Amino acid sequence: MPRRTTRSLASLASLSAVSAAFLVAGAGPGAAAPAGPTYVALGDSYASAAGVEPVDPTAPVECQRSSRNYPHVLAARTGAALTDVTCGGADTSHFRTSQHPGVAPQLDALSASTTLVTVTIGGNDGGVFGDAIRECSIAGFSTGGAGSPCRDANGSAYEDIVRDATYPALVQALTDVRERAPRAQVGVLGYPWILPAEGSCFGRMPVAEGDVPYLRGLQATLNDAVRRAAEATGATYVDLAGVSEGHDACQPAGTRWIEPVFGGTNPVVVHPNAFGEEQMPRPRSAPSGCPSPPPRPPATGCCAASTASSPTSGSARTGRGRCAARSRPSCGTPPAGATSPPPAASRSSATA
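With full-length UniProt numbering applied, the sequence shown covers 1 to 352.
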């Protein structure tokens, strides 16, 4: 197997390693390694770090972009040359269209020379994230935190939007990324947990006790859509579900990654704080899914078909897209010390 392919696959131990792979990939004997990847960050407020100070002085005011967001953290750790076009409130349509007057479509930042792209997107499509949190909070107040009024009123409506509209929009957006930056490694981050797997904290997050697992299930469905879209387009899915467990909005300051509705420290609630943004790109177990292609197609080898657990059923599912279609022998062994990614959360495990 070509050394370049082995290096690219070995780099998947973490998002940091995905970018670090470009420091050495393709450097033959006597060749000088490049100074760092040409890195473009795309995405919404979870990537822009809305509410985290200090605000990036070069960013449009409307985008609420912090200079402490995870793209800046990752760039500082890897020596990448960062172009950050993340913007609060963005959905997949803003990859191709302007979100605000004078703010270019996010895809315009990509080019054939881009070598690394990170993406956090999908939560704003169809208003699913914001509408669900808002509606479930109002419903929680109406019952004093008892029962499951939000689930009773909405059933599968939000999850249906994710499956029927958000998923195909994600596939299109990531396909567009690949077309604009054909040589880039693309890392697609899932969303860290907002609510705990057990219990509730009505004083901080005014969600009825029975609606906590309902919203956890919705978030698991969204993350599953992001994962499947990444796999379908040859990107790397960075699973934050396992590592963010126990860092939800119900936890105390210094532990939580997500700010609560009440009693938080950031003006933008139900969003990552500075600690969360710092933790999101830290080295961790290999993400699920198959990697982006290396800068040049390898002569031999292939991706092994990947499997992942469905957050709704807990059953194994074969990876889709390019990897499933090329289910020949595995591309090699994982890097030393790497472990299998944590299984996707199942709805049944997200009990209040």
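We put the CB at the ideal spot given by N, CA and C, even for glycine.
What you are looking at is a predicted structure, and each value in this text was computed from that prediction instead of being measured.
Residue i in three-state terms, based on DSSP
i           : result
Thr83       : strand
Ile258      : strand
Ser99       : Residue 99 is actually Gln in this sequence, not Ser. Three-state result, Gln99: coil.
Leu170      : helix
Pro272      : strand
Leu116      : strand
Gly242      : helix
Gly321      : At Gly321 the pLDDT is 36, less than 50, meaning the model places this residue with poor confidence; the figure from the coordinates comes in the next sentence. DSSP places Gly321 in coil when its eight states are reduced to three.
Thr58       : coil
Gln219      : helix
residue 358 : Summary: the structure shown does not reach residue 358, with the chain confined to residues 1 through 352, and so no result is reported for it.
Gln185      : strand
Residue i, buried or exposed, once every other Cβ within 10 Å from all chains shown has been counted against 16
i      : result
Ala253 : exposed
Ala229 : buried
Gly190 : buried
Ser48  : buried
Ser45  : buried
Ser113 : exposed
Glu231 : buried
Thr265 : exposed
Ile138 : exposed
Asp108 : exposed
Ala80  : buried
Asp84  : buried
Gly102 : exposed
Gly127 : exposed
Ala241 : buried
Pro37  : buried
Arg96  : exposed
Proximal residues to residue i (C-beta, below 8 Å), its chain only, five neighbours per side dropped
i      : result
Cys250 : Leu195, Pro196, Gly199, Ser200, Cys201, Arg204, Met205, Arg256, Pro260
Pro267 : Gly51
Glu135 : Cys150, Ala153, Asn154
Phe275 : Gly254, Arg256, Trp257
Residue i versus the options, residue with shortest Cα-Cα distance
i           : options                      : result
Val243      : Gly234, Ala225, Gln279       : Gln279
Thr236      : Gly88, Val177, Gly144        : Val177
Gln172      : Gly51, Ala274, Asp91, Val268 : Asp91
Thr166      : Trp193, Gln219, Glu179       : Gln219
residue 357 : Ala169, Asn223, Leu116       : This structure gives no information on residue 357, because the portion of the chain shown stretches from 1 to 352.
Ser142      : Asn124, Asp211, Val117       : Asp211
Cutoff 6 Å; reference residue i; Cβ partners in own chain excluding five residues on either side
i           : result
Gly140      : Pro206, Val207, Ala208
Pro29       : Per-residue confidence for Pro29 stands at a pLDDT of 38, beneath the threshold of 50, marking its modelled position as unreliable; the derived number appears in the next sentence. Once the five neighbours on either side are set aside, Pro29 has no close Cβ partner at all.
residue 411 : In the structure displayed, the chain extends from 1 to 352; residue 411 sits before or after that span and is not available.
Leu174      : Ala229, Thr233, Ala235
Close-in-space but distant-in-sequence residues of the same chain around residue i (CB under 7 Å, 5 per side omitted)
i     : result
Gly43 : Thr86, Ala90, Val119, Thr120, Ile121
Ser98 : Ala104, Pro105
Any non-hydrogen atom of the ligand ADP within 6 Å of residue i CB
i      : result
Thr120 : The ligand ADP is not part of this structure, which contains no ligands at all.
Open item on the list: Check whether the region 86-101 and the region 58-74 touch, using three or more Cβ-Cβ pairs below 8 Å as the test.
Closed with: With the cut-off at 8 Å, the region 86-101 and the region 58-74 touch.
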